[in-house]
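K.L.:
These protein sequence lines map, in sequence, to chains A and B.
For the first sequence, position 62 matches number 191 in my numbering, and the numbering has no gaps at all.
For the second sequence, position 287 matches number 1429 in my numbering, and the numbering has no gaps at all.
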Amino acid sequence: MTALLAVSDLATHFATRQGALKAVDGVSFSIAEGEIIGLVGESGSGKSVTGFSILGLIDPPGRIVGGSVKLRGRELVGLPARDLRAIRGREIAMVFQDPSATLNPVLTIGMQMRLALEAHGAVGEADARTRSVEVLARVGIPDAGRRLDAYPHQFSGGMRQRVAIAIALLNRPRLIICDEPTTALDVSIQAQILTEMRDLAREFGTAMIWISHDLATVSSIASRLLVMYAGRIIEEGPVADVLREPRHPYTAGLLASLPANARPGMDLRQIPGSTPSLFDLPPGCAFQPRCERRSDACIVMPELVAVGPARRHRCHHPLAGAQA
Amino acid sequence: MNALVEIRNVSKRFVPRLSLGERIAARLGQPIETRTVHAVDGVSFAIRKGEVLGLVGESGCGKSTLGRVIAGIHPPSAGFVTLDGAPLLGPDGRKRTRRVQMVFQDPFASLDPRIRIGETISEGPIAHGLTTKAEARAYAAQWLAAVGLPADAADRFPHQFSGGQRQRVAIARALAMKPDMLVCDEPVASLDVSIQAQIVNLLLKLRREFGLTMLFISHDLGIVRHISDRIAIMYLGRIVELGPTEAVYAAPAHPYTRALLDSIPKLVTDSETLVSFKPITGELPSPLSPPPGCHFHLRCPFARSECREIVPIRREAGAGRDVACHFPLET
């Protein structure tokens, strides 16, 4: 399997008065054509910044300070803005959390879709319309032909997110980066969109990076899971394997704290402490102050080590899996 | 068990204020469409002493508005709320009692950024004579300790705390009023996953220690199941189902409840099973113009002609449960 996208040692830092904030600090992973991976972490873990960095959407004071992002072998880091623009929306598209912030409120949906098409090649008005209606219908917008002339505020939140997804699909990208696309939606709408996205990815062979804080959502769409903590990947593997047999104490702690894994009314297993500030990271493993398995060794940053063909973890004292 | 709080036929309508242009037009005799939102529409139920009642629904269903009516923040447009048999609100429509307190979703918005934590906590109790200015410091420290914060937190400002710690402060502020009942509106929704369990555990502990009665409002069905004794499901301003939590989760009686439970993504730990959702079709109708009859009929796979015309009355479905549906599911 050739990698569609290969990210290696990616580091994105933000220059602040208190020094460099290492939002993403040495992240490596790859995605095959048509694969859906889940990128999971809490706020400040660097999962969104990773997604933004792939597309070169980091504004000052942020900067990609190291590493590489290769799309089918072509380096994206350091590419001139013009070349990046040709890739954004064409080869890699993005769907953001809040569709009301990504759609232009003063343009009709049809116009925004036409602009997205024209950005990557001349299309006639009629062609643009046909293509737009086709894609809108595909993401489940009823009466798509008439809805083209509507403005974003005339759609509900769920429908707006479908429009954003339709725009992402317009140019048939190879990869869609989805940054918490269902977090702002109700569960019934979330379930609809999850099912549709999964079917679309399968039908078009589109690869996806699904960024979320919700393990259950990710587990229902992705096949491989990457867990991030304080700017680094701390665990990786096939979704079901990681959730069944987490190796990193943080992943295990997160899973144990879910109400589904506790008896109703009894205390939940909790991870003590709070997520560390990126300005004030503990030495070595960033999770060590909250970890019940820590030892003196943990003040040295553990490497991300491979276990078997598919799993990796960054821990000196991993939990022993049944197959380890 | 005795009811602590009774909600009788409570409705809450919001009528948007007309703009200047619309007011002029109305003066000139133009018909002006007033768009009234029926946020809560004829809701009745009782909350028993010492129980945790979960209130669940999607955004816009009126669960937060109902919570605020029960906490005495919004006066109801119709119906009334009683606490131990006495009206919650005075004749002027304002709440006089400290016995119902509220914890809000966003601890960044619910704490005054310019007031020290100690003062935030002791302000209400001083006004209600629970403590004095001289003893306020010790009083605040006592409640900070109850929520697991150090006494010196009293001297700090909200911005010096993390989200989880702020929510602890908000809970301490509510507890310091020595309430019988706590209305918690999405208390963990804005917190990180690893912090949510801490706050849920804190609420469980406080319930045991102080014998608190709680209304726990949330859209997170997993957390509600964990914390609630009984659960009420709300759809477009009405309660569609109410009953003991485990019974409702095991066998929902209302098609909406079942659809909602089917929509929750579950952790997949077996790579062989392909997850299949049975998503509810369609969208939540606008509360400005809810459909006639049963509000859910447009999205309901079992809807028949009655459902389009007649509003189903909530009635007993056995084992302490009730459901507002013409054709409830077998339980």
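C-beta: ideal position from N, C-alpha, C; glycine also.
Since we're looking at a predicted model, the values are computed, not measured.
What separation, rounded to the nearest whole angstrom, lies between the Cα atoms of A/A451 and A/A381?
P.N.:
As a working note, residue 451 of chain A is residue 322 in the first sequence. As a working note, residue 381 of chain A is residue 252 in the first sequence. With a pLDDT of 47 at A/A451, under the threshold of 50, the predicted position of this residue should be treated as unreliable, and no value is reported.
K.L.:
Could you tell me whether the Cβ atoms of B/R1456 and B/I1381 are closer together than 8 angstroms?
P.N.:
Reading the second sequence from its first residue, position 314 is the one you call residue 1456 of chain B. Reading the second sequence from its first residue, position 239 is the one you call residue 1381 of chain B. Yes, they are a contact pair.
K.L.:
Using the beta-carbon of each residue, which ones in chain A are nearer than 7 angstroms to B/R1367?
P.N.:
The sequence position of residue 1367 of chain B within the second sequence is 225, counting from 1. Per Cβ cutoff of 7 angstroms: P388 and P393.
K.L.:
To the nearest angstrom, report how far apart B/V1289 and A/A161 are at their CA atoms.
P.N.:
Sequence index remark: in the second sequence, residue 1289 of chain B carries index 147 (1-based). Sequence index remark: in the first sequence, residue 161 of chain A carries index 32 (1-based). The alpha-carbon atoms of B/V1289 and A/A161 are separated by roughly 48 angstroms.
K.L.:
Tell me, to the nearest whole angstrom, how far the beta carbon of B/V1311 is from that of B/L1357; I am working on the premise that it is less than 8 angstroms.
P.N.:
Counting from 1 along the second sequence, the entry for residue 1311 of chain B is found at position 169. Counting from 1 along the second sequence, the entry for residue 1357 of chain B is found at position 215. About 21 angstroms separates the two Cβ atoms, so there is no contact after all.
K.L.:
Could you give the distance in angstroms between the alpha-carbon of A/R419 and the alpha-carbon of A/Q399?
P.N.:
Within the first sequence, the letter at position 290 stands for residue 419 of chain A. Within the first sequence, the letter at position 270 stands for residue 399 of chain A. In a straight line, the C-alpha of A/R419 is about 10 angstroms away from that of A/Q399.
K.L.:
Is there a Cβ from chain B that is less than 8 angstroms from the Cβ of A/A152?
P.N.:
In the first sequence, counting from the first residue as 1, residue 152 of chain A sits at position 23. No, its Cβ sits nowhere closer than 8 angstroms to a Cβ of chain B.
K.L.:
So with CB distances below 9 angstroms, who are the chain B contacts of A/L133?
P.N.:
Against the first sequence, residue 133 of chain A aligns to sequence position 4. Ordered by position in chain B, no residue passes the 9 angstroms Cβ test against A/L133, which lies about 22 angstroms from the chain.
K.L.:
So, at 7 angstroms on beta carbons, what are the nonlocal neighbours of B/P1158 in its own chain, with the 5 sequence-adjacent residues on each side left out?
P.N.:
The count along the second sequence starts at 1 and reaches residue 1158 of chain B at position 16. Within the same chain, B/P1158 has close Cβ partners R1177.
K.L.:
Below 8 angstroms on C-beta distance, what does B/P1407 contact in chain A?
P.N.:
On the second sequence, position 265 is the one that residue 1407 of chain B refers to. The answer, in chain order, is Q319, A320, L323, D343, A345, T346, S348 and S349.
K.L.:
Whose C-alpha, out of B/L1160, B/L1272 and B/R1150, is nearest the C-alpha of B/A1228?
P.N.:
Within the second sequence, residue 1228 of chain B is the residue found at index 86, counting from 1. Considering only alpha carbons, the answer is B/R1150.
K.L.:
Is any beta-carbon of chain B found at less than 8 angstroms from that of A/S229?
P.N.:
In the first sequence, residue 229 of chain A corresponds to position 100, counting from 1. No, its Cβ sits nowhere closer than 8 angstroms to a Cβ of chain B.
K.L.:
Mind pulling the chain B residues with CB within less than 8 angstroms of A/T404?
P.N.:
Taking the first residue of the first sequence as 1, we reach residue 404 of chain A at position 275. Within 8 angstroms Cβ-Cβ: S1304, D1334, S1336 and I1337.
K.L.:
Does the distance from the C-beta atom of A/P378 to that of A/R441 stay below 8 angstroms?
P.N.:
Here residue 378 of chain A corresponds to residue number 249 of the first sequence, with the count starting at 1. Here residue 441 of chain A corresponds to residue number 312 of the first sequence, with the count starting at 1. No, these two residues do not count as a Cβ contact at 8 angstroms.
K.L.:
Could you work out which residue in A/T145, A/S157 and A/V136 is closest to A/R443 when comparing CA atoms only?
P.N.:
Counting from 1 along the first sequence, the entry for residue 443 of chain A is found at position 314. Looking at the Cα atoms, A/S157 is the closest of the given residues.
K.L.:
What residues from chain A crowd round B/G1364, counting only those whose CB sits closer than 9 angstroms?
P.N.:
One-based indexing of the second sequence puts residue 1364 of chain B at position 222. The answer, in chain order, is A345, L387, P388 and A389.
K.L.:
Per DSSP, what are the beta-bridge partners of A/Y358 in this structure?
P.N.:
Residue numbering aside, residue 358 of chain A sits at position 229 when the first sequence is read from its first letter. Beta-bridge pairing links A/Y358 to A/R361.
K.L.:
Using only the alpha-carbon positions, how far apart do B/E1458 and B/F1246 sit?
P.N.:
Your numbering for residue 1458 of chain B matches position 316 in the second sequence. Your numbering for residue 1246 of chain B matches position 104 in the second sequence. Spanning the two alpha carbons is a distance of roughly 32 angstroms.
K.L.:
Helix, strand or coil, according to DSSP, for A/M223 in the structure here?
P.N.:
Residue 223 of chain A sits at position 94 when you count from the first residue of the first sequence. Strand.
K.L.:
Starting from B/R1150, trace the beta strand (DSSP E) in both directions and tell me its first and last residue.
P.N.:
On the second sequence, residue 1150 of chain B is found 8 positions in, with the first residue counted as 1. Per DSSP, B/R1150 belongs to the beta strand (DSSP E) from A1145 to F1156.
K.L.:
Report buried or exposed for A/A389, applying the criterion of at least 16 other Cβ atoms within 10 angstroms of its Cβ.
P.N.:
Locating residue 389 of chain A in the first sequence gives position 260, where the first residue counts as 1. With fewer than 16 Cβ atoms within 10 Å of its Cβ, A/A389 is classed as exposed.
K.L.:
Going straight from the alpha carbon of A/I216 to that of A/I183, what length do you get?
P.N.:
As a first step, residue 216 of chain A is located in the first sequence; it is residue number 87 there, counting from the start. As a first step, residue 183 of chain A is located in the first sequence; it is residue number 54 there, counting from the start. Between A/I216 and A/I183, the C-alpha separation is close to 11 angstroms.
K.L.:
Which residue wins for smallest C-alpha separation from A/A345, given the options A/V316, A/G334, A/A439 and A/E332?
P.N.:
The count along the first sequence starts at 1 and reaches residue 345 of chain A at position 216. The candidate whose alpha carbon is nearest that of A/A345 is A/V316.
K.L.:
So, for B/A1466: in the same chain, excluding its five sequence neighbours on each side, which residues have a beta-carbon less than 6 angstroms away from its beta-carbon?
P.N.:
Translated into positions along the second sequence, residue 1466 of chain B becomes position 324. Around B/A1466: V1382, P1454 and R1456.
K.L.:
Would you give the residue range spanned by the beta strand (DSSP E) that B/M1244 belongs to?
P.N.:
As a first step, residue 1244 of chain B is located in the second sequence; it is residue number 102 there, counting from the start. Note, B/M1244: beta strand (DSSP E), V1242 to V1245.
K.L.:
Grouping DSSP H, G and I as helix and E and B as strand, with all else coil, what is B/H1180?
P.N.:
Position 38 of the second sequence, counting from 1, holds the residue named residue 1180 of chain B. The answer is strand: DSSP assigns B/H1180 an E or B state.
K.L.:
So with Cβ pairs under 8 angstroms, would you call A/V268 a contact of chain B?
P.N.:
Translated into positions along the first sequence, residue 268 of chain A becomes position 139. It does not; no Cβ of chain B falls within 8 angstroms.
K.L.:
Please report the Cβ distance between A/I340 and A/L168, rounded to the nearest whole angstrom; I am assuming they are in contact, meaning their Cβ atoms lie under 8 angstroms.
P.N.:
Position 211 of the first sequence, counted from the start, is the residue given in the question as residue 340 of chain A. Position 39 of the first sequence, counted from the start, is the residue given in the question as residue 168 of chain A. About 5 angstroms separates the two Cβ atoms, so the contact holds.
K.L.:
What residue does the alpha helix (DSSP H) around A/P228 start on, and which one ends it?
P.N.:
As a first step, residue 228 of chain A is located in the first sequence; it is residue number 99 there, counting from the start. Looking at the DSSP string, the run of the alpha helix (DSSP H) that includes A/P228 is P228 to T231.
K.L.:
So for A/L448, helix, strand or coil by DSSP?
P.N.:
Taking the first residue of the first sequence as position 1, residue 448 of chain A is located at position 319. Note: A/L448 maps to coil in three-state DSSP.
K.L.:
Is the region 191-204 of chain A in contact with the region 169-177 of chain A, if contact means three or more CB pairs nearer than 8 angstroms?
P.N.:
No, because fewer than three Cβ pairs between the region 191-204 of chain A and the region 169-177 of chain A fall closer than 8 angstroms, the two stretches do not touch.
K.L.:
Which parts of the region 1210-1277 of chain B are runs of the alpha helix (DSSP H), unbroken and 4 residues or longer, counting only runs that do not cross its ends?
P.N.:
Counting only runs of 4 or more, we get 1259-1269.
K.L.:
Would you decide whether A/P189 is buried or exposed? Buried here means 16 or more other CB atoms lie within 10 Å of its CB.
P.N.:
Taking the first residue of the first sequence as position 1, residue 189 of chain A is located at position 60. Its Cβ having fewer than 16 others within 10 Å, A/P189 is exposed.
K.L.:
When we look at the beta-carbon of A/G250 and count the other beta-carbons within 10 Å, is it buried (16 or more) or exposed?
P.N.:
For this step, residue 250 of chain A is matched to residue 121 along the first sequence. That one is exposed.
K.L.:
Compare the C-beta of A/A453 with all C-beta atoms of chain B and state if any pair is closer than 8 angstroms.
P.N.:
The residue given as residue 453 of chain A occupies position 324 in the first sequence. Below a pLDDT of 50, predicted positions are generally treated as unreliable, and A/A453, at 40, falls in that range; the measurement from the model is reported next regardless. No, A/A453 lies away from the interface with chain B (no Cβ there is under 8 angstroms from its Cβ).
K.L.:
What span of residues does the alpha helix (DSSP H) with A/Y280 cover, start to end?
P.N.:
The residue you call residue 280 of chain A lines up with position 151 of the first sequence. It is not in any alpha helix (DSSP H) - A/Y280 carries neither H nor E in the DSSP assignment.
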